[in-house]
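Chemist: Quick one: structure below, then a few questions.
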Amino acid sequence: MAKRSGKKKMQLVLGIIILVVGLAVAGGGVFFSQANRHKKELAEFIRTSPSAAMVAYTLDENGQPGMDGSEVFHNADTQLVMASTMKIVILAAYADAVERGELNPNEQVAIADLEAYYLPRTDGGAHIAGLASVGLPTDSEGFAKDPSAKIMLDDIARIMIHNSGNAETDYLMVRLGAERIAATLAAAGMEQHTPFHSILGISLAIFNHEAPLIESAQRQSLLDAVAEGDFSALEALADRYLRDPNWRAAQLAFMQSQAFTESANQMGWEGQVSASQLFPKGTAREYAHLLAQIASGKFISPAVSERIQQKLETSPADNPMRFLFHKRYGAKDGVTAGVLTLVSYAAPKRGALAGKTRVVVILTNDLPYNAWVNMLQFQSIYLLQADLSKGATILYSEDLSVNRDRVAVVLSR
């Protein structure tokens with residue numbers, strides 16, 4: 002995958018477990034001509050696919066949908082894989098715990114405790130980039146060169162959002178506990194969200210050195226168990242990695258071997274897309290509501306909302322979006338095989354809605370490989386978000402009005 006900063010080239014290896022960060026807006030007439038075409042292709046995919054959803058609206062003074070005629074609700078209540086956008090919920094739980102005095106953001110955490118959850122080659126370089134941002138060099142596998150180093154707890158939360166670190170997410174989920182995360186989901190009214198579980202466990206289930214998820218029957222059996230709320234297989238694998246030094250060493254050796262690449266090739270794109278369903282799912286409507294409450298300072302308390310805003314609105318990788326399109330921009334994206342997601346709030350610089358806060362949520366699952374690659378390369382989801390934040394021209398499909406959802410194709414402007 003690629004970073005939105007544009008400083009790292011897109012890595013397409015093992016997309017299923019790369020819950021990445023984002024992409025960059027590049028210049029050039031040819032680029033923007035193709036980008037506009039792929040943006041419209043993305044809008045058409047969303048309009049016609051049951052595995053895609055879109056919500057966009059302007060906030061009123063209470064942080065609720067303003068219903069000014071520019072709102073869009075398409076497949077708003079369909080459960081879809083969120084990829085790294087789910088990390089906003091963990092950030093919200095962290096901010097709440099800090100404000101309650103349950104966690105100290107200035108706590109110095111042993112890097113070894115954090116890296117217990119780190120599995121190389123599964124996060125698109127997010128952990129490496131995150132450690133670099135706090136001045137910690139890494140070895141060839143991505144582990145901190147100084148195993149005695151410490152890192153501030155608040156930096157772990159920042160890396161989770163700015164760099165989309167998976168190890169950082171798992172570490173925070175353990176520190177927060179299931180009850181605090183469940184309380185955050187309840188406070189957000191996110192009744193349709195599936196339970197959170199270890200990213201490490203998912204990654205190991207897909208690519209462990211003993212039995213990677215190559216066979217479709219094996220894969221489907223695990224998918225069925227997870228769909229029924231049985232995470233025991235994932236938890237057992239994560240526990241072995243955390244507590245069995247010999248098994249962990251064998252797994253780390255596998256991650257650097259040709260066998261790892263071969264297992265990914267044997268799984269193929271369809272297998273990776275199928276396995277992406279192991280990740281937690283949510284709905285566009287509920288994530289839009291969460292972002293609206295955060296943006297308006299009404300999520301739990303103004304202090305909690307401000308802590309969340311500080312992380313969401315300061316990612317250096319989002320600077321191109323702010324420079325080109327928005328006065329204010331807070332967002333988290335997600336990428337894994339066949340999945341592109343973006344949840345955001347923004348105040349557009351131009352258009353009839355300039356200066357007003359808009360929430361835009363775009364969720365896509367089951368994208369074909371070529372479309373997925375093109376939409377990554379040409380930043381389609383960000384360009385579509387920018388259009389929607391301005392209240393772009395919308396074409397409604399009358400034949401689907403029975404769903405009482407507005408089905409949108411965003412036209413070029």
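Each residue of the sequence shown is one higher than the one before, starting from 2 at the first, in my numbering.
Backbone N, C-alpha and C define an ideal beta-carbon position, used for all residues, glycine too.
(1) Ala-387: which of Asn-366, Leu-343, Ala-276 sits nearest, CA to CA?
(2) Less than 6 Å between C-beta atoms, sequence neighbours within five positions excluded: which residues of the same chain meet that for Asp-69?
(3) Buried or exposed: where does Glu-108 fall if 16 or more other Cβ atoms within 10 Å of its Cβ makes it buried?
(4) From Asp-61 to Gly-67, what distance separates their C-alpha atoms?
(5) What separation, rounded to the nearest whole angstrom, lies between the Cα atoms of Val-26 and Asn-247?
(6) When DSSP labels each residue in this structure, what does Leu-389 get in the three-state scheme?
(7) Please name the residue, chosen from Ala-54, Ser-34, Gly-102, Ser-258, that lies closest to Thr-365 on a Cα-to-Cα basis.
(8) Is the beta carbon of Ile-91 closer than 7 Å to that of Leu-173?
(9) Give me the Cα-Cα distance between Ala-206 and Gln-310, rounded to the nearest whole angstrom.
(10) Any beta-carbon of chain C closer than 7 Å to the one on Ala-293?
(11) Return helix, strand or coil for His-327, following the three-state DSSP convention.
(12) For Ile-311, which of helix, strand or coil comes out of DSSP?
(13) What did DSSP end up calling Val-128 once you bin it into helix, strand or coil?
(14) Skipping 5 residues on each side, what residues in its chain have a beta carbon closer than 7 Å to that of Gln-35?
(15) Per DSSP, what are the beta-bridge partners of Ala-54 in this structure?
(16) For Gln-273, count neighbouring C-beta atoms within 10 Å of its own C-beta (all shown protein chains included) and say buried if the count is 16 or more, exposed if not.
(17) Cα separation between Gly-202 and Ala-318?
(18) For Leu-417, which residues does DSSP report across the bridge?
(19) With a cut-off of 8 Å on the beta carbons, I'd call Ala-184 and His-290 a contact; round off their distance for me.
(20) Note down, in chain order, each residue of its chain lying with its Cβ closer than 7 Å to the Cβ of Gly-28, except the 5 sequence neighbours on either side.
(21) By alpha-carbon positions, which one of Val-135, Arg-38, Ser-141, Ala-77 ends up nearest to Leu-154?
(22) Give every residue of the same chain whose Cβ lies closer than 6 Å to the Cβ of Ser-52, excluding the five residues on either side of it in the sequence, and list them in chain order.
(23) Would you check if the distance between the CB atom of Met-83 and the CB atom of Gly-335 is smaller than 7 Å?
(24) Look at the alpha carbon of Ser-316 and the alpha carbon of Ala-117, and state the distance between them as a whole number of angstroms.
(25) In whole angstroms, give me the CA-to-CA distance for Phe-300 and Glu-287.
(26) Which one or two residues does DSSP pair with His-75 in a beta bridge?
(27) Measuring only the C-alpha atoms, how far is Asp-78 from Lys-146?
(28) Looking at the structure shown, is Ala-304 part of a helix, part of a strand, or coil, going by DSSP?
(29) In or out: Ala-237 buried (at least 16 other Cβ within 10 Å) or exposed?
(30) Using DSSP's beta-bridge definition, name the partner residues of Ala-145.
(31) For Phe-255, which residues from the same chain have a beta carbon less than 6 Å from its beta carbon, with the 5 sequence-adjacent residues on both sides left out?
(32) When DSSP labels each residue in this structure, what does Ala-189 get in the three-state scheme?
(33) Skipping 5 residues on each side, what residues in its chain have a beta carbon closer than 7 Å to that of Asn-105?
(34) Taking the beta carbon of Leu-313 as the centre, do at least 16 other beta carbons fall within 10 Å, making it buried, or is it exposed?
(35) What's the gap between the Cα of Leu-223 and the Cα of Leu-214?
(36) Counting along the chain, where does the alpha helix (DSSP H) carrying Lys-88 start and finish?
Modeler: Taking the structure as given:
(1) Leu-343
(2) Thr-59
(3) exposed
(4) 5 Å
(5) With a pLDDT of only 38 at Val-26, under the threshold of 50, the placement of this residue in the model should not be trusted, and no figure is reported.
(6) helix
(7) Across the set Ala-54, Ser-34, Gly-102, Ser-258, the C-alpha of Ala-54 shows the shortest separation from the C-alpha of Thr-365.
(8) The answer is yes: Cβ separation under 7 Å.
(9) Each residue's alpha carbon lies about 34 Å from the other.
(10) Included in the structure is just one protein chain, with no chain C present.
(11) strand
(12) Going by the sequence as given, residue 311 is Gln instead of Ile. If DSSP states are grouped into helix, strand and coil, Gln-311 belongs with the helices.
(13) It is worth fixing the name first, because residue 128 is His in this sequence and not Val. It is helical.
(14) Phe-379
(15) Leu-364
(16) buried
(17) 28 Å
(18) Look at the range of the chain in this structure, 2 to 414, and you will see that residue 417 is not part of it.
(19) Contact flag wrong, Cβ pair sits at about 16 Å.
(20) Residue confidence for Gly-28 is low, a pLDDT of 42 falling below 50, so the modelled location carries little weight; the figure read from the coordinates is stated next. None.
(21) Val-135
(22) Asn-366, Asp-367
(23) yes
(24) 25 Å
(25) 13 Å
(26) Met-55
(27) 45 Å
(28) helix
(29) exposed
(30) Thr-139
(31) His-210, Phe-261
(32) coil
(33) Same-chain partners within the cutoff: Leu-154.
(34) buried
(35) 9 Å
(36) 88-100
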